[in-house]
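Student:
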Amino acid sequence: MVEEGRLPGINKLTEAYLDAWDQFGTNQFTAEGLRNELLRESNEPENVPDENSIYSSLYRAATIGLVTFHGDKKFSIRITPEDNKDVRHEVAVEHIDRLWVEIKDEYDERMSADKQENQDKSVIEYQENRYLRTFVGYNTDIKENLEGYFQAALDLDEHSGVVLESWVSVAEAADKLSNNLCNDEQMEDNGFLYRFKKEGEEITKDEDDERIIRIFLAETRFSD
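Read in order, the letters of the sequence shown are residues 40 to 263 in this note's numbering.
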């Protein structure tokens, strides 16, 4: 059982690192060259790690700054066993900073992709215009369920209006809701910010192949 918190592969890494230091010092070398030297000196060649194992340990050591990877399978010792604590810390910080830059860039890229995917799912195009998508049902209330969402998510630089989406089985409720949203007097009485007019509707299938109705409402109060 591996002790919790222990670095994985630390024994093999340590052996490969010290073997490389003993054989080559700070000169460049390859995993193949290191293995050949170990075989030449060993009385038990069957116990000498294979080239792939040595290479894997050295490559791991390179990620934490113990050795430098030069490409073309070549390595050299970066931190020697004789270096003091300040040198070790300087190299370690440099490597973790470089690693963190890569992690942060990849993280930002993934977050951006996720955000774009969510944005794409929240927008439906209709007659060359983009509409903010919202799912509605029997119990959807304009004041309680839609007002806050529209004010937070509806961007008239990006959206022409909203599209109400519902199961075909509750199409009547969705149509009633759309009529209420297009009633300027009722919207004003409710203190609703936006005004809408119906642009059209369609019956289609969603991502799960379920039949749905979409009712497209264009915003008229603030749109150009």
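In this text, a Cβ means the ideal position worked out from N, Cα and C, and glycines have one as well.
1) Grab me the residues of Asp214's own chain with a C-beta within less than 6 angstroms of its C-beta, minus the 5 sequence neighbours each way, in chain order.
2) Is it buried or exposed, Arg74, if we count other Cβ atoms within 10 angstroms and call 16 or more buried?
3) Which of the three DSSP states, helix, strand or coil, is assigned to Ser199?
4) For Met150, is the classification buried or exposed, using 16 other Cβ atoms within 10 angstroms of its Cβ as the cut-off for buried?
5) Looking only at its chain, what residues have a beta carbon closer than 8 angstroms to the beta carbon of Leu256, apart from the 5 residues adjacent to it on each side?
6) Could you round the C-beta distance between Arg99 and Gly48 to whole angstroms and report it? I think they count as a contact, below 8 angstroms.
7) Determine the direct distance from the alpha carbon of Leu105 to that of Glu133, and round the result to whole angstroms.
8) Specify, as a first and last residue, the run of the beta strand (DSSP E) that Phe235 falls within.
9) Where Tyr177 and Leu185 are concerned, what is the direct C-alpha to C-alpha distance, given to the nearest angstrom?
10) If you drop the 5 nearest sequence neighbours on each side, which residues of the same chain put their C-beta closer than 7 angstroms to that of Phe189?
11) Thr69 to Thr53, Cα distance in whole Å?
12) Residue range of the alpha helix (DSSP H) that Ile93 falls in?
13) In terms of residue numbering, what span does the beta strand (DSSP E) encompassing Phe108 cover?
14) Can the beta-carbon of Leu78 be found less than 9 angstroms from the beta-carbon of Pro120?
15) Check whether the Cβ atoms of Asn294 and Ser115 sit closer than 9 angstroms, and answer yes or no.
16) Tell me, please, which residues DSSP counts as bridged to Glu204.
17) Tell me whether His198 is buried or exposed, calling it buried when 16 or more other Cβ atoms sit within 10 Å of its Cβ.
Tutor: The short version:
1) none
2) Of the other Cβ atoms in all chains shown, 16 or more fall within 10 Å of the Cβ of Arg74; this residue is therefore buried.
3) coil
4) exposed
5) Tyr170, Gly200, Val201, Val202, Leu203, Ser217, Leu220, Cys221, Phe235, Lys236, Lys237 and Glu238
6) 6 angstroms
7) 12 angstroms
8) Phe235 to Lys244
9) 13 angstroms
10) Val201 and Tyr233
11) 16 angstroms
12) Glu90 to Thr102
13) Taken as a continuous stretch (DSSP letters only), the beta strand (DSSP E) holding Phe108 covers Val106 to Gly110.
14) no
15) Limits of the chain in this structure are 40 at one end and 263 at the other, which puts residue 294 out of reach.
16) Phe174 and Arg253
17) buried
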